[in-house]
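Reminder that position 73 of the sequence shown reads as 73 in full-length UniProt numbering, one-by-one numbering, no gaps. All residues carry an ideal CB built from backbone N, CA and C; glycine is no exception. I have placed the structure first, in the form of structure tokens, so that the comments after it can refer back to it.
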Amino acid sequence: ERPVVVDVDQLKREKFSMRIHLRVCLEGGYHVLDESTHYSSDLRPSARPLWRQPIGVLELGILNAVGLHPMKSREGRGTSDTFCVAKYGQKWVRTRTMVDNLCPKYNEQYTWEVFDPATVLTVGVFDNGQLGEKGNRDVKIG
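Dropping the structure here:
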């Protein structure tokens, strides 16, 4: 490749006269991580043919929550509109929202294919802020 000589006077006369040189390599073996590489939960390549075969299946049953603290007040009493979120690798799941209940029973089951036994499973309980009078963001309970 040869270096490009730029005429400054021509750039001033022409409003959009830029040249961009790109060299693109699409191997399909890499992907952009949405989390820190030190704590990454999914190190599989983005191209499916490069994936390893699953070594098993993880089944998660979210049954209920007990003893939750009220996160808002409705008709003079404390309440919560709760839901659970679980993440394993790159797959997220969310339970339905249990309205006005401090001891919700979800009884929901989810499955994930396991490719690496060291992959982290994260489960969180949230209060649905969209159902309140103010329409706030969801608040983490635990």
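Span separating the alpha-carbon of G129 from that of V8: 56 Å
If you count every other CB in all the chains shown that lies within 10 Å of the CB of E79, and 16 or more means buried, which is it? For clarity, residue 79 is Thr in the given sequence; the question names Glu instead. T79 is buried by the Cβ-count criterion.
In angstroms with no decimal places, state the Cα-to-Cα distance between L68 and L50. 44 Å
Can you check which of these residues, L60, T119 and C103, is closest to V93 by C-alpha distance? L60
Burial state of P104, where buried means 16 or more other Cβ atoms lie within 10 Å: buried
I'd like the list of long-range same chain contacts for R74, defined as Cβ closer than 7 Å, with 5 residues on each side in sequence excluded. D100
Count the other CB atoms, across all protein chains shown, that sit within 10 Å of the CB of I62; report buried if there are 16 or more and exposed otherwise. buried
Within the continuous beta strand (DSSP E) that includes E59, where are the two ends? G56 to N64
Limits of the beta strand (DSSP E) - the one that G78 falls within: R77 to T79
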